[in-house]
Structures are given as structure tokens and as C-alpha cells.
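K.L.:
The structure that follows is given in the form of C-alpha cells.
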Amino acid sequence: MNKFFLSISLCFITLTGCNNNQADVEEGQKTDRIVQVKNSSPERSHKRTANEISAHLVELASSVPNVNDATAIVLGKYAIVGIDVGKDIDRSEVSSIKYTVAEGLKADPYGANSVVIADPDTVARLKQIGNEIRKGRPVTGFLDELAAIVNRVMPEFAEEIRRNPSSTDTNNQKLNNKQEQNLKNEQEKQSNNHLQKNE
């Protein structure tokens, strides 16, 4: 009886062993699928020079309808783009064209921080400055003039306003003591801190 029991056990072990071997083959077939992976090493991007970026921005601005010519000066991550729209175009159309150019530049990584100018005199001066820079004159020689151009177009920057939160206090000196106290009380009553205390 022991021999019988032993032979049945041996057959059972052999069958289950072969069965497991077939299961491994089936699992191996399931895992031998083609897996596509993306190369995780970053692609080396060509770092463009300021002149290349400037030419790229000019190409983008010139592609907008009604823009006859364009010029651009790149200063780090910022750019000043001047567009020539012609003398016969109505002022409201010029604003619309400037907006279209700005929207196109905003979508481009090099044009995201651009200022668009359409004033003919300023655009002519930007062209002169751009030509001087391409001839090899340093940009630092024109920084004050470029800053003045940008300040005429954008006299206040949102970033500057956020840095100086107490700028509203400058007019307090023009009030007498009673008016100043009334103003402070009204400001305190309307402030966010007061609103949060009441919640």
C-alpha cells in the first residue's frame, strides 16, 4: 500500500510540476510584450542669441496682417517690439493690430515678456538702436533710452505696485488731523483684517 501511495504521490508531483512549468511559459508569453518608453534624457536645446531671438520676434510680428515692418530689441528675457502699420490706418485699428501682435508674442516663449510699440517715431528710433547693437555697440549704452521708451508706454508695472503696498498713505499728509483720523477709521473698517475678525 505504501508503494501504491508513493507512486500516486510521485505522479501527482510530476503532473503538478509540469503544469506549473506550462503556467510559467504562458506567463512569460504575456510579459514579452513590446513596451515603448520615452528617452528620459532631456533634449539639448539650442540656446539662441539675442539677435536670433530678435529676428524670430520680428518674423512673428511681421506675419500679422497690416503690419508692414517690425523691429525688436531683446534684453535678457524681455523684448521691445516696434511695428510699422502705415500712416493711413485709424488709431483704433492700430490698437487692435498691437493687441493681435501682443497675443501672438505671448504664445511664444521668447515673446512672452514683450512690449509692443506702434508709434512711428519710437519705432524708427528702435530700428536705429537695433542697427547699432547689430554693429557691435553694447546694449548698455542704450539702456536709459530703452527704459524711457518703455516707461512712456507702460508708466506703472504691476510688479512695482505689489512691492509698495503702503503707497496709498502719501495723500494722508494733505488731510487735517480730523479728516486723517476719519480716513484711518474708514480704512480699518473696510480692511480685510477687520472682515476676517468678524467671520
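In terms of numbering that gives the first Met the number 0, the sequence shown opens at residue 0 and continues consecutively.
Yeah, the Cβ is synthetic: ideal placement off N, Cα and C, and Gly gets one too.
#1: If you check the beta carbons only, do Leu59 and Ala78 fall under 8 Å apart?
#2: So what does DSSP say about Ala78, is it helix, strand or coil?
#3: Measuring only the C-alpha atoms, how far is Val138 from Ile132?
#4: What number of angstroms, rounded off, separates the C-alpha of Ile96 from the C-alpha of Gly135?
#5: Near Asp68, which residues of its chain fall below 6 Å by C-beta distance, leaving aside the five closest residues on each side in sequence?
#6: Out of Arg47, Ala123, Lys188 and Lys183, state which residue places its alpha-carbon closest to the alpha-carbon of Lys76.
#7: Hey, Ile72 and Ile128 are a contact pair by Cβ (cut 8 Å); roughly how many whole angstroms apart?
#8: Buried or exposed: which applies to Ala117, given that a residue is buried once 16 or more other Cβ atoms fall within 10 Å of its Cβ?
P.N.:
With the structure as the only source:
#1: To locate residue 59, count along the sequence shown from 1; it is residue 60. To locate residue 78, count along the sequence shown from 1; it is residue 79. The answer is no: Cβ separation not under 8 Å.
#2: Residue mapping note: residue 78 aligns to position 79 of the sequence shown, counting from 1. Here Ala78 sits in strand by DSSP.
#3: Walking along the sequence shown from the start, residue 138 turns up at place 139. Walking along the sequence shown from the start, residue 132 turns up at place 133. Their backbone Cα atoms lie some 6 Å apart in a straight line.
#4: In the sequence shown, the residue the question calls residue 96 occupies position 97. In the sequence shown, the residue the question calls residue 135 occupies position 136. Cα to Cα, Ile96 sits roughly 32 Å from Gly135.
#5: Here residue 68 refers to the residue found at position 69 when the sequence shown is read from its first residue. The residues are Asp83.
#6: The residue given as residue 76 occupies position 77 in the sequence shown. Minimum Cα distance to Lys76 is reached at Arg47.
#7: Sequence index remark: in the sequence shown, residue 72 carries index 73 (1-based). Sequence index remark: in the sequence shown, residue 128 carries index 129 (1-based). 6 Å between Cβ atoms; contact.
#8: On the sequence shown, position 118 is the one that residue 117 refers to. Using a 10 angstroms sphere on the CB of Ala117, the tally of other CB atoms reaches 16 or more, which defines it as buried.
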